[in-house]
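Engineer: One structure follows; several queries about it will come next.
There are 2 protein chains.
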Amino acid sequence: MSPTSPLDPEQLAAYFALMEVSSLLQHAVDQQLREEGGLSYTQFQILATLGENPDGRRRMTDIADRLVHSRSGLTYQVAQLAKAGLVTRESSSDDERAVIVAATPQGLALLGRVLPGHVDLVQQLLLAPLTAREATVLGGLLGRIRTHMTAIPPRSAAPRRKNAPKS
Amino acid sequence: MSPTSPLDPEQLAAYFALMEVSSLLQHAVDQQLREEGGLSYTQFQILATLGENPDGRRRMTDIADRLVHSRSGLTYQVAQLAKAGLVTRESSSDDERAVIVAATPQGLALLGRVLPGHVDLVQQLLLAPLTAREATVLGGLLGRIRTHMTAIPPRSAAPRRKNAPKS
DNA sequence: TATTGTTATACTCTATAACTATA
DNA sequence: TATAGTTATAGAGTATAACAATA
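First to last, the sequence lines map onto chains A and B. Going by the numbering used here, the first residue of the first sequence is number 1, and it counts up by one from there. Going by the numbering used here, the first residue of the second sequence is number 168, and it counts up by one from there.
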């Protein structure tokens, strides 16, 4: 009655190391962002997503799709950013239902101010012990996993989402 | 004024992929654990830590060290587990200050009930797209990073913890 | 009818600081 | 004095469900 093989030690080690490394990294990065910019990691990600676009704008739904959030969670976070004057919200002219989030000059400035320290930290914590080639290998493997995870989301172990509310 | 090189595309890709993969995996795993066992991922980790020991016991501090928590956060989580009858707490006979957390039979039973689905999910989401060799390589790289992160925690970007409460 | 987004609400979790007790 | 752990408290974040408006 075991649908899959029970993970050999090598696989277990990979899993544990992944979880521990990402946990430590998230913690450290979140702290740096709060100290240097008063931003949570989530807020930073939203701002960085906006910064990627040349015009610094993006639809709510597009942001949500990238960052896993529930809609309401994104509304909350964007409201925080707006309160801080880092983004603005306007309704789209194309689709009156849609809301376009735009980074303000202050938002982009803060992003620019926080980014160097962020990059430094990632460099020191995550990449320092790897050669350039190893970093590429790591990125390649994780990239494939990401593709797999986002493509195969049947999530077979937790399939019914709308059928069995369980209680 | 750039203390470190600004991350080439390969490095950036590795960083982003790591964060996205771990985020997706955490989310999926947390959901499975809640559905099948009513456990948060943190609670599962505590229980699993106890399960590792032959006698199913461990000191609070030892758990906290492994799982990054603040003391009070661990107290809270262990209290939740105790409330659910999954662990008990007794003061150590060696050191009257210390508290020993022990998994109850129900706790170990729940762990056993939840583990197969957990392993399956990790297998399907994380490991399926990798060959055995690749999993080993991934684990090796991440293991080295973990060692580095836990050994070098000068956390140079956020050093003073007790000096500058900042406000 | 389906989609976009917000709101209300309730809950989980985390962290800080003050505190107790033992070493 | 230093260490182990708890408590009080307060805040941040998240999710669900109900809702309004547009497509």
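No residue lacks a Cβ here, since even glycine has one placed at the ideal position from N, Cα and C.
(1) Reducing DSSP to helix, strand and coil, say where Ser239/B ends up.
(2) I'd like the list of long-range same chain contacts for Ala64/A, defined as Cβ closer than 7 angstroms, with 5 residues on each side in sequence excluded.
(3) At a CB distance below 7 angstroms, what residues from the segment 33 to 53 of chain A approach chain B? Give them in sequence order.
(4) As an exercise, report each continuous beta strand (DSSP E) stretch of at least 3 residues that is fully enclosed by the segment 59 to 144 of chain A, in chain order.
(5) Chain B beta carbons: is any one of them nearer than 8 angstroms to that of Arg58/A?
(6) Could you give the first and the last residue of the continuous alpha helix (DSSP H) run that contains Leu18/A?
(7) Could you check which residue in Asp30/A, Leu111/A, Ala82/A, Leu25/A has the C-alpha nearest to that of Gly51/A?
(8) Compute the distance between the beta-carbons of Ala195/B and Leu142/A, then report whether it is under 8 angstroms.
(9) Please classify Asp287/B: is it buried, with 16 or more other beta-carbons within 10 angstroms of its beta-carbon, or exposed?
(10) Just to confirm, is the Cβ distance from Gly204/B to Arg264/B under 8 angstroms?
(11) How do the segment 204 to 214 of chain B and the segment 296 to 308 of chain B stand: do at least 3 beta-carbon pairs fall below 8 angstroms, yes or no?
(12) Under the rule that 16 or more other beta-carbon atoms within 10 Å means buried, what is Gln273/B, buried or exposed?
(13) Compile a chain-ordered list of the residues in the segment 306 to 318 of chain B whose CB is closer than 9 angstroms to at least one CB of chain A.
(14) Between the segment 11 to 28 of chain A and chain B, which residues of the former have CB atoms less than 9 angstroms from a CB of the latter, in chain order?
(15) Mark Ser123/B as exposed unless 16 or more other C-beta atoms lie within 10 angstroms of its C-beta, in which case mark it buried.
(16) With 8 angstroms set as the bound, which would you pick, yes or no: does the beta-carbon of Val286/B sit closer than that to a beta-carbon of chain A?
(17) Under 7 angstroms between beta-carbons, which chain A residues line up against Leu241/B? List them in chain order, please.
(18) Let me confirm a value: Glu20/A is counted as buried when at least 16 other C-beta atoms fall within 10 Å, else exposed. Which label applies?
(19) Quick check: what's the CA-CA separation for Arg328/B versus Gln31/A?
(20) With 16 other CB atoms within 10 Å as the buried threshold, where does Tyr182/B fall?
(21) Which residues in chain A sit within 9 angstroms of Thr303/B, going by Cβ to Cβ distance?
(22) Mind checking whether Arg66/A and Ser92/A have CB atoms under 8 angstroms apart?
Structural biologist: Quick answer:
(1) Counted from its first residue, the second sequence places residue 239/B at position 72. Ser239/B falls in the helix class under three-state DSSP.
(2) Here residue 64/A is taken as the residue at index 64 of the first sequence, counted from 1. Only residues of its own chain outside the window of five on either side were considered, and among them Arg71, Leu74 have a CB closer than 7 angstroms to the CB of Ala64/A, listed in chain order.
(3) Cβ contacts with chain B: Glu35.
(4) As far as the segment 59 to 144 of chain A is concerned, its whole beta strand (DSSP E) runs of at least 3 residues are 87 to 91, 99 to 103.
(5) Residue mapping note: residue 58/A aligns to position 58 of the first sequence, counting from 1. For Arg58/A, no CB of chain B lies under 8 angstroms from its own CB, so it is not counted at the interface with that chain.
(6) Counting from one through the first sequence, the residue named residue 18/A turns up at place 18. Note, Leu18/A: alpha helix (DSSP H), 9 to 37.
(7) Taking the first residue of the first sequence as 1, we reach residue 51/A at position 51. The option with the nearest alpha carbon to Gly51/A is Leu111/A.
(8) Stepping through the second sequence from its first residue, residue 195/B is reached at position 28. Stepping through the first sequence from its first residue, residue 142/A is reached at position 142. Not closer than 8 angstroms, so no.
(9) If you number the second sequence from 1, residue 287/B lands on position 120. Around the C-beta of Asp287/B, 16 or more other C-beta atoms lie within 10 Å, and the residue is accordingly described as buried.
(10) By one-based count along the second sequence, residue 204/B stands at place 37. By one-based count along the second sequence, residue 264/B stands at place 97. In this structure, Gly204/B keeps its C-beta atom at 8 angstroms or more from the C-beta atom of Arg264/B.
(11) Contact check between the segment 204 to 214 of chain B and the segment 296 to 308 of chain B: fewer than three CB pairs, one atom from each, fall below 8 angstroms, which does not count as touching.
(12) In the second sequence, residue 273/B corresponds to position 106, counting from 1. Gln273/B comes out exposed.
(13) Result list: Gly306, Gly307, Leu308, Leu309, Gly310, Arg311, Ile312, Arg313, Thr314, His315, Met316, Thr317.
(14) Flagged, chain order: Gln11, Leu12, Ala13, Ala14, Tyr15, Phe16, Ala17, Leu18, Met19, Glu20, Val21, Ser22, Ser23, Leu24, Leu25, Gln26, His27, Ala28.
(15) Nothing in the structure corresponds to residue 123/B, since chain B is present only between 168 and 334.
(16) Indexing the second sequence from 1 puts residue 286/B at position 119. At least one C-beta of chain A is nearer than 8 angstroms to the C-beta of Val286/B.
(17) Your numbering for residue 241/B matches position 74 in the second sequence. Correct list: empty, because the minimum Cβ distance to chain A is about 15 angstroms.
(18) As a first step, residue 20/A is located in the first sequence; it is residue number 20 there, counting from the start. Buried, because 16 or more other Cβ atoms sit within 10 Å of the Cβ of Glu20/A.
(19) Residue 328/B sits at position 161 when you count from the first residue of the second sequence. Residue 31/A sits at position 31 when you count from the first residue of the first sequence. Residue placement at Arg328/B cannot be trusted, given a pLDDT of 34 that sits under 50; the coordinates are not used to answer.
(20) Counted from its first residue, the second sequence places residue 182/B at position 15. Counting of Cβ neighbours within 10 angstroms places Tyr182/B among the buried residues, the total reaching 16 or more.
(21) By 1-based counting over the second sequence, the position of residue 303/B is 136. Per Cβ cutoff of 9 angstroms: Glu10, Gln11, Ala13, Ala14.
(22) The residue you call residue 66/A lines up with position 66 of the first sequence. The residue you call residue 92/A lines up with position 92 of the first sequence. Result no, Cβ atoms of Arg66/A and Ser92/A do not sit closer than 8 angstroms.
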